[in-house]
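Engineer: Sequence order for the protein chains is A and B. So in the working numbering, spot 37 of the first sequence is number 37, and the numbers just go up one at a time. In the working numbering, each number is its position in the second sequence, counted from 1, plus 459.
Protein chains: 2
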Amino acid sequence: MESKIQNYISNNRDRFLNELMELLKIPSVSADPAYKADVLKTADAVAQRLREAGVDNVEICPTAGYPIVYGDKIIDPTKPTVLVYGHYDVQPADPLDLWHSPPFEPVIKNDRIYARGSADDKGQMYMHVKAFEIMMKENILPCNVKFMIEGEEEVGSANLGTFTEANKAKLACDCVLISDTSLIANDIPSITVGLRGLAYIEVLVTGPNRDLHSGVYGGAVANPINALCEMISKLIDEKSRKITIPGFYDDVLDLSTEERTLLNQIPFSAEDYKSDLKIDATRGEEGYTIIEQTSTRPTLDVNGIKGGYLGEGAKTVLPSWASAKISMRLVPNQHPDKIQALFKSYFESLTPAGCKTEVSFHHGGEAVVVPIDTPEFKASSKAMEKTFGKAALPARGGGSIPIVALFEQVLGVKSVLMGFGLDSDDIHSPNENYGVWNYFKGIETIPYFFHYYTEMKQK
Amino acid sequence: MESKIQNYISNNRDRFLNELMELLKIPSVSADPAYKADVLKTADAVAQRLREAGVDNVEICPTAGYPIVYGDKIIDPTKPTVLVYGHYDVQPADPLDLWHSPPFEPVIKNDRIYARGSADDKGQMYMHVKAFEIMMKENILPCNVKFMIEGEEEVGSANLGTFTEANKAKLACDCVLISDTSLIANDIPSITVGLRGLAYIEVLVTGPNRDLHSGVYGGAVANPINALCEMISKLIDEKSRKITIPGFYDDVLDLSTEERTLLNQIPFSAEDYKSDLKIDATRGEEGYTIIEQTSTRPTLDVNGIKGGYLGEGAKTVLPSWASAKISMRLVPNQHPDKIQALFKSYFESLTPAGCKTEVSFHHGGEAVVVPIDTPEFKASSKAMEKTFGKAALPARGGGSIPIVALFEQVLGVKSVLMGFGLDSDDIHSPNENYGVWNYFKGIETIPYFFHYYTEMKQK
Chain A
1 MESKIQNYIS NNRDRFLNEL MELLKIPSVS ADPAYKADVL KTADAVAQRL REAGVDNVEI
61 CPTAGYPIVY GDKIIDPTKP TVLVYGHYDV QPADPLDLWH SPPFEPVIKN DRIYARGSAD
121 DKGQMYMHVK AFEIMMKENI LPCNVKFMIE GEEEVGSANL GTFTEANKAK LACDCVLISD
181 TSLIANDIPS ITVGLRGLAY IEVLVTGPNR DLHSGVYGGA VANPINALCE MISKLIDEKS
241 RKITIPGFYD DVLDLSTEER TLLNQIPFSA EDYKSDLKID ATRGEEGYTI IEQTSTRPTL
301 DVNGIKGGYL GEGAKTVLPS WASAKISMRL VPNQHPDKIQ ALFKSYFESL TPAGCKTEVS
361 FHHGGEAVVV PIDTPEFKAS SKAMEKTFGK AALPARGGGS IPIVALFEQV LGVKSVLMGF
421 GLDSDDIHSP NENYGVWNYF KGIETIPYFF HYYTEMKQK
Chain B
460 MESKIQNYIS NNRDRFLNEL MELLKIPSVS ADPAYKADVL KTADAVAQRL REAGVDNVEI
520 CPTAGYPIVY GDKIIDPTKP TVLVYGHYDV QPADPLDLWH SPPFEPVIKN DRIYARGSAD
580 DKGQMYMHVK AFEIMMKENI LPCNVKFMIE GEEEVGSANL GTFTEANKAK LACDCVLISD
640 TSLIANDIPS ITVGLRGLAY IEVLVTGPNR DLHSGVYGGA VANPINALCE MISKLIDEKS
700 RKITIPGFYD DVLDLSTEER TLLNQIPFSA EDYKSDLKID ATRGEEGYTI IEQTSTRPTL
760 DVNGIKGGYL GEGAKTVLPS WASAKISMRL VPNQHPDKIQ ALFKSYFESL TPAGCKTEVS
820 FHHGGEAVVV PIDTPEFKAS SKAMEKTFGK AALPARGGGS IPIVALFEQV LGVKSVLMGF
880 GLDSDDIHSP NENYGVWNYF KGIETIPYFF HYYTEMKQK
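1. Give me the Cβ distance between Asp-111 (chain A) and Trp-437 (chain A), rounded to the nearest whole Å; I'm assuming they're in contact under 8 angstroms.
2. Mind checking the segment 673-686 of chain B against chain A and listing, in chain order, the residues whose C-beta falls within less than 7 angstroms of any C-beta there?
3. Give the residues of chain A in contact with Pro-659 (chain B), contact being defined as C-beta atoms less than 8 angstroms apart.
4. Answer with yes or no whether the minimum CB distance from Cys-688 (chain B) to chain C is below 9 angstroms.
5. Would DSSP call Val-359 (chain A) helix, strand or coil?
6. Using only the alpha-carbon positions, how far apart do Asp-739 (chain B) and Tyr-439 (chain A) sit?
7. Classify Gln-334 (chain A): buried if its beta carbon has 16 or more other beta carbons within 10 angstroms, exposed otherwise.
8. Could one say the Cβ of Asp-570 (chain B) lies closer than 9 angstroms to chain A's Cβ atoms, at least one of them?
9. Have a look at Gly-442 (chain A) and Ile-691 (chain B) and give me their C-alpha separation to the nearest angstrom.
10. By how many angstroms is the C-alpha of Glu-689 (chain B) removed from the C-alpha of Ser-699 (chain B)?
11. I'd like to know if Gln-507 (chain B) contacts chain A, where contact means its C-beta is closer than 9 angstroms to some C-beta of that chain.
12. Ignore the nearest five residues each way along the sequence and tell me which others in Ile-534 (chain B)'s own chain have a CB closer than 8 angstroms to its CB.
13. By Cβ distance below 8 angstroms, which residues in the same chain neighbour Val-869 (chain B) in space, the five residues on each side in sequence not counted?
14. Output the distance between the C-alpha atoms of Cys-175 (chain A) and Glu-817 (chain B), rounded to the nearest integer angstrom.
15. Quick one: what does DSSP say Met-148 (chain A) is sitting in, helix, strand or coil?
16. Going by other Cβ atoms of all chains shown within 10 Å of its Cβ, with 16 needed for buried, is Arg-51 (chain A) buried or exposed?
17. Distance, Cα to Cα, Ile-401 (chain A) vs Thr-282 (chain A)?
18. Can you list, in chain order, the residues of its chain with a C-beta nearer than 6 angstroms to that of Gly-576 (chain B)? Leave out the 5 residues immediately preceding and following it.
19. Taking C-beta to C-beta, are Ala-53 (chain A) and Lys-4 (chain A) nearer than 9 angstroms?
20. So, helix, strand or coil for Leu-141 (chain A), using DSSP?
21. Check whether the Cβ of Tyr-547 (chain B) lies closer than 9 angstroms to any Cβ atom in chain A.
22. Just to confirm before moving on: does the CB-CB distance between Leu-40 (chain A) and Tyr-66 (chain A) stay below 9 angstroms?
23. Report the partner residues of Thr-651 (chain B) according to the DSSP bridge assignment.
24. Am I right that Met-456 (chain A) and Pro-394 (chain A) are in contact with their C-beta atoms under 8 angstroms? What's the rounded C-beta distance?
25. Listed in chain order, which residues of the segment 797-825 of chain B have Cβ atoms closer than 7 angstroms to some Cβ of chain A?
26. Please confirm if Gly-858 (chain B) has its CB atom under 9 angstroms from at least one CB of chain A.
27. I'd like the span of the beta strand (DSSP E) that includes Lys-325 (chain A), first residue to last.
28. When we look at the beta-carbon of His-100 (chain A) and count the other beta-carbons within 10 Å, is it buried (16 or more) or exposed?
29. Going along the chain, which residues of its own chain have a beta-carbon closer than 6 angstroms to the beta-carbon of Val-664 (chain B), five neighbours each way excluded?
30. Please report the straight-line C-alpha distance between Arg-196 (chain A) and Leu-300 (chain A), rounded to a whole angstrom.
31. Just verifying my parser: in three-state terms, what is the DSSP assignment at Ile-201 (chain A)?
32. Using a Cβ-Cβ distance under 9 angstroms, would Arg-756 (chain B) count as near chain A?
33. Between which two residues does the beta strand (DSSP E) containing Leu-300 (chain A) stretch?
34. Can you tell which of B:Gly-615, B:Leu-801, B:Lys-596 and B:Val-675 has the C-alpha that lies nearest to the C-alpha of Gly-421 (chain A)?
35. For Asn-892 (chain B), write down the residues that DSSP places opposite it in a beta bridge.
36. Flag Val-145 (chain A) as yes if its beta-carbon sits less than 9 angstroms from any beta-carbon of chain B, otherwise no.
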């Protein structure tokens with residue numbers, strides 16, 4: 001099996017890379033309606049590639065939003081079934097001026113593929129298509145496979161729940177396999193066993209009914225930008241960096257001393273971390289390490305703010321409104337709906353005289369903790385040990401993949417978060433990139449997961 | 460004289476309006492380099508109109524920025540000389556979507572001219588051109604006139620000081636006449652005797668060297684938007700609404716009880732004020748009336764803020780930077796340079812760990828108080844009494860015309876701030892408008908100012 005995989009990759013290396021590059025050229029930005037045609041074109045391309053790889057029953061399933069691409073290969077109903085999940089949509093690429101090369105004209109520099117979506121998630125999703133091709137062509141596919149590739153992950157997977165509910169039988173499986181997370185490092189393989197949840201909120205503070213001259217009205221009329229800044233500054237305690245929304249921490253489960261000790265054994269250098277980001281200090285919640293702050297503790301970040309005159313030069317305006325996008329990362333047992341309600345009620349209470357506040361919700365997702373004493377975890381760990389030469393560590397990720405909770409609730413199965421990216425891939429940032437080494441390491445590792453998983457389930 | 464003015468206006472009413480409408484069609488936005496050709500075209504148009512009205516020696520004087528249009532009519536060197544100042548540039552028009560008609564396609568609705576610059580200052584500046592035409596054509600020009608119409612008032616008149624210094628002899632005069640302010644109401648004529656100064660600042664807060672994924676880094680890395688909001692919230696005390704910059708009030712001269720009593724006799728309804736702006740409360744400095752807050756007290760307003768993702772939908776970014784435009788209105792005896800230095804030092808001191816702050820200065824201007832026991836004030840008051848049927852009240856304006864202090868320093872003369880706008884003209888806002896009544900009332904009043912001023916100076 002080892003030589004079959006190695007040889008197939010060697011003989012098809014350029015084509016595997018070129019096919020990914022082609023996929024990266026389509027700007028499938030799901031957040032921006034201007035890219036609608038491109039998102040749909042990407043769904044077509046993914047479906048076509050699945051068919052070419054030998055997947056059966058490929059279809060582009062419509063939803064109320066962007067379609068879900070489905071396909072399967074059922075070799076024997078008595079064998080286990082792995083559902084591969086991925087997404088073909090990408091984050092917006094702006095700010096464009098900070099990219100060193102255009103986000104949708106992929107280039108390889110220093111053995112890394114630079115393009116929006118290279119790591120998140122086209123590159124990681126496409127590893128599964130190519131790994132499947134190898135297993136098919138080399139006759140080493142040990143079990144059944146289903147593919148579900150969606151187009152709305154970056155905007156909250158709003159229609160995935162309905163689709164999954166409506167297609168329970170079709171999607172029935174023994175586990176879900178997802179590559180949309182990171183390794184600790186290329187020489188420290190890891191499998192994500194915890195992910196933070198998300199509550200994403202938009203706030204609008206309005207003052208006077210029109211933009212005013214700040215000289216004529218300034219000093220008497222509440223300025224919505226000043227008001228919004230005051231309100232935002234009250235969301236986090238300045239010293240402890242704890243979130244001040246009443247009730248926010250009520251459902252947070254503290255980690256045991258053992259869990260914290262284990263977590264902090266992950267190799268990590270605060271100096272390297274700061275030096276990579278060119279910052280002189282971090283600024284996290286008092287009493288927790290950086291690893292804990294970014295994986296096991298809830299957080300609040302303003303993701304965007306705007307109001308007043310945004311152009312060049314100066315304009316003496318007292319604006320009519322100001323708005324912000326604010327998101328909170330949640331930990332297991334915190335519920336997005338409850339947190340959103342707590343946020344709304346607290347934030348509205350901060351509104352100063354002369355202003356009004358509107359709070360609206362973008363999307364939310366539950367946090368996830370995956371158990372490690374399962375065939376899923378063991379098979380993925382063993383697969384990584386085979387190709388990395390080292391056992392994989394269980395790791396907590398700071399990001400959110402809300403669909404993991406969904407699959408558990410609706411399909412009753414666990415997910416395996418076997419990602420091959422790195423935290424430094426700059427996903428969601430300018431110059432997103434994915435290592436060529438990581439791409440092929442993923443393609444190489446995935447067939448072993450299928451192999452070990454089938455073995456363990458059939459024991 | 461009365462019938463000559465009235466008849467001339469009656470016979471040329473449509474042309475006077477149409478000429479202004481043509482001028483308003485040119486988008487002379489000085490703040491935005493995209494409009495450079497239009498700003499220059501406007502200078503040409505103003506020069507041409509001055510020539511047509513009978514002004515001599517008209518020239519378009521280059522500066523390091525936009526040119527200054529100069530022209531004069533010297534009828535007798537022994538007579539007084541009035542220098543008319545105005546500006547042909549306008550504020551940016553955005554947000555465009557709030558205009559009911561395009562900002563540079565002027566329309567008259569309900570006897571008001573809707574267009575960017577209609578009141579500030581093309582409409583008010585052009586009253587002087589037409590009043591001059593009447594005095595020339597009807598042979599009632601009693602003294603010498605000089606015109607200086609600049610193109611950078613809305614961006615801080617950066618090159619006016621150099622130009623004035625270099626052309627002292629050419630600009631020599633007995634007083635400067637400016638129409639760039641408001642009446643208290645159409646039935647309450649007033650002359651502005653005080654104006655606030657201005658310090659306009661831009662701040663940039665930077666954190667990590669690139670935009671980050673808020674799930675991966677959120678909780679450990681300082682977020683520049685959150686930091687900027689915290690810093691801005693510390694510029695004004697939440698309860699007293701006093702500005703908290705150390706030393707900010709040191710040079711503020713308190714008004715005497717008599718001055719405050721007089722000032723608050725100006726007819727004013729807080730209920731009408733709030734109802735006009737659709738706000739349920741005002742939010743000004745404790746212990747002062749709305750009139751005082753907006754005219755005799757210094758203020759601080761954020762004029763614009765931006766950072767992170769500004770597009771549609773959601774993006775979970777922890778941005779690399781956030782910026783704001785912040786301006787302070789100053790009162791007499793406060794100095795923009797000193798205030799800018801105090802601001803910079805205090806604002807920088809508020810920078811939290813993990814961030815850096817850059818403070819830069821756009822422009823500043825000194826506050827102004829004009830004495831009322833002068834021929835300039837008396838002549839303007841008498842002119843308004845003649846045409847409004849009511850003596851003009853002395854009033855304090857909240858806005859800033861930095862050039863008034865400049866003229867006093869360099870030319871050694873006082874300025875007369877005889878404006879014909881209204882606070883409700885929405886200058887600097889969408890749907891800027893200027894009353895047709897006000898336009899013609901200005902044209903009618905100006906010749907009387909020349910008449911009374913010459914009389915008083917020659918006594």
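Even glycine gets a Cβ: it sits at the ideal position worked out from N, Cα and C. Since we're looking at a predicted model, the values are computed, not measured.
Structural biologist: Put simply:
1. Here residue 111 (chain A) is taken as the residue at index 111 of the first sequence, counted from 1. Here residue 437 (chain A) is taken as the residue at index 437 of the first sequence, counted from 1. That belief holds up - the Cβ atoms of Asp-111 (chain A) and Trp-437 (chain A) are roughly 6 angstroms apart, short of 8 angstroms.
2. Ser-673, Gly-674, Val-675, Tyr-676, Gly-677, Gly-678, Ala-679, Val-680, Ala-681, Asn-682, Ile-684 and Asn-685
3. The residue given as residue 659 (chain B) occupies position 200 in the second sequence. In the sequence as displayed, the identity of residue 659 (chain B) is Tyr instead of Pro. By Cβ distance, chain A contributes Ala-314 and Thr-316.
4. The structure shown has no chain C; the protein chains it does contain are A and B.
5. Position 359 of the first sequence, counting from 1, holds the residue named residue 359 (chain A). The answer is strand: DSSP assigns Val-359 (chain A) an E or B state.
6. Here the question's residue 739 (chain B) lines up with position 280 in the second sequence. Here the question's residue 439 (chain A) lines up with position 439 in the first sequence. Roughly 59 angstroms separates the two Cα atoms.
7. Numbered from 1 along the first sequence, position 334 holds the residue referred to as residue 334 (chain A). Answer is buried; the Cβ neighbour count reaches 16.
8. Taking the second sequence and counting its residues from 1, the one referred to as residue 570 (chain B) is at position 111. No, because no Cβ of chain A sits closer than 9 angstroms to the Cβ of Asp-570 (chain B).
9. Locating residue 442 (chain A) in the first sequence gives position 442, counting from the first residue. Locating residue 691 (chain B) in the second sequence gives position 232, counting from the first residue. Distance between the alpha carbons of Gly-442 (chain A) and Ile-691 (chain B) is about 47 angstroms.
10. As a first step, residue 699 (chain B) must be located in the second sequence, where it is residue number 240. As a first step, residue 689 (chain B) must be located in the second sequence, where it is residue number 230. Cα-Cα distance, rounded: 18 angstroms.
11. Locating residue 507 (chain B) in the second sequence gives position 48, counting from the first residue. With 9 angstroms as the cut-off, Gln-507 (chain B) does not count as an interface residue toward chain A.
12. As a working note, residue 534 (chain B) is residue 75 in the second sequence. Cβ within range, chain order: Leu-600, Cys-602 and Asn-603.
13. Translated into positions along the second sequence, residue 869 (chain B) becomes position 410. Excluding residues within five positions, the ones whose Cβ falls inside 8 angstroms are Gly-620, Thr-623, Glu-624 and Lys-627.
14. Looking up residue 175 (chain A) in the first sequence gives position 175. Looking up residue 817 (chain B) in the second sequence gives position 358. Going from the Cα of Cys-175 (chain A) to the Cα of Glu-817 (chain B) covers about 52 angstroms.
15. Working through the first sequence from its first residue, we reach residue 148 (chain A) at position 148. It is a strand residue.
16. By one-based count along the first sequence, residue 51 (chain A) stands at place 51. Exposed is the call here.
17. Walking along the first sequence from the start, residue 401 (chain A) turns up at place 401. Walking along the first sequence from the start, residue 282 (chain A) turns up at place 282. If I take the Cα positions, the gap works out to 25 angstroms.
18. Walking along the second sequence from the start, residue 576 (chain B) turns up at place 117. Result list for Gly-576 (chain B): Leu-483 and Val-549, in chain order.
19. Numbered from 1 along the first sequence, position 53 holds the residue referred to as residue 53 (chain A). Numbered from 1 along the first sequence, position 4 holds the residue referred to as residue 4 (chain A). In this structure, Lys-4 (chain A) does not lie closer than 9 angstroms to Ala-53 (chain A) by Cβ.
20. Counting from 1 along the first sequence, the entry for residue 141 (chain A) is found at position 141. Residue state, collapsed to three classes: coil.
21. Locating residue 547 (chain B) in the second sequence gives position 88, where the first residue counts as 1. Tyr-547 (chain B) does not count as touching chain A.
22. One-based indexing of the first sequence puts residue 40 (chain A) at position 40. One-based indexing of the first sequence puts residue 66 (chain A) at position 66. In contact: Leu-40 (chain A) and Tyr-66 (chain A) (Cβ atoms closer than 9 angstroms).
23. For the purposes of this step, residue 651 (chain B) is taken as residue 192 along the second sequence, with counting starting at 1. For Thr-651 (chain B), which the question treats as bridged, DSSP gives the partners B:Ala-854 and B:Leu-876.
24. If you number the first sequence from 1, residue 456 (chain A) lands on position 456. If you number the first sequence from 1, residue 394 (chain A) lands on position 394. At roughly 17 angstroms, the Cβ-Cβ gap does not stay under 8 angstroms, so Met-456 (chain A) and Pro-394 (chain A) are not in contact.
25. Pro-811, Ala-812, Gly-813, His-821 and His-822
26. Within the second sequence, the letter at position 399 stands for residue 858 (chain B). It does; some Cβ of chain A falls within 9 angstroms.
27. For the purposes of this step, residue 325 (chain A) is taken as residue 325 along the first sequence, with counting starting at 1. Its beta strand (DSSP E) spans residues 321-330.
28. Residue numbering aside, residue 100 (chain A) sits at position 100 when the first sequence is read from its first letter. The residue is exposed, with fewer than 16 neighbouring Cβ atoms inside 10 Å.
29. Residue mapping note: residue 664 (chain B) aligns to position 205 of the second sequence, counting from 1. Cβ within range, chain order: Pro-683, Ala-686, Leu-687, Ala-781, Cys-814 and Thr-816.
30. What you label residue 196 (chain A) is simply residue 196 of the first sequence in a count that begins at 1. What you label residue 300 (chain A) is simply residue 300 of the first sequence in a count that begins at 1. Spanning the two alpha carbons is a distance of roughly 12 angstroms.
31. Residue mapping note: residue 201 (chain A) aligns to position 201 of the first sequence, counting from 1. It is a strand residue.
32. Along the second sequence, one-based indexing puts residue 756 (chain B) at 297. By this cut-off, Arg-756 (chain B) is an interface position.
33. Position 300 of the first sequence, counted from the start, is the residue given in the question as residue 300 (chain A). Here the beta strand (DSSP E) through Leu-300 (chain A) covers 299-308.
34. Taking the first sequence and counting its residues from 1, one reaches residue 421 (chain A) at position 421. Considering only alpha carbons, the answer is B:Val-675.
35. Against the second sequence, residue 892 (chain B) aligns to sequence position 433. Looking at the DSSP assignment, Asn-892 (chain B) forms a beta bridge with B:Tyr-573.
36. If you number the first sequence from 1, residue 145 (chain A) lands on position 145. No - not a single Cβ of chain B is within 9 angstroms of the one on Val-145 (chain A).
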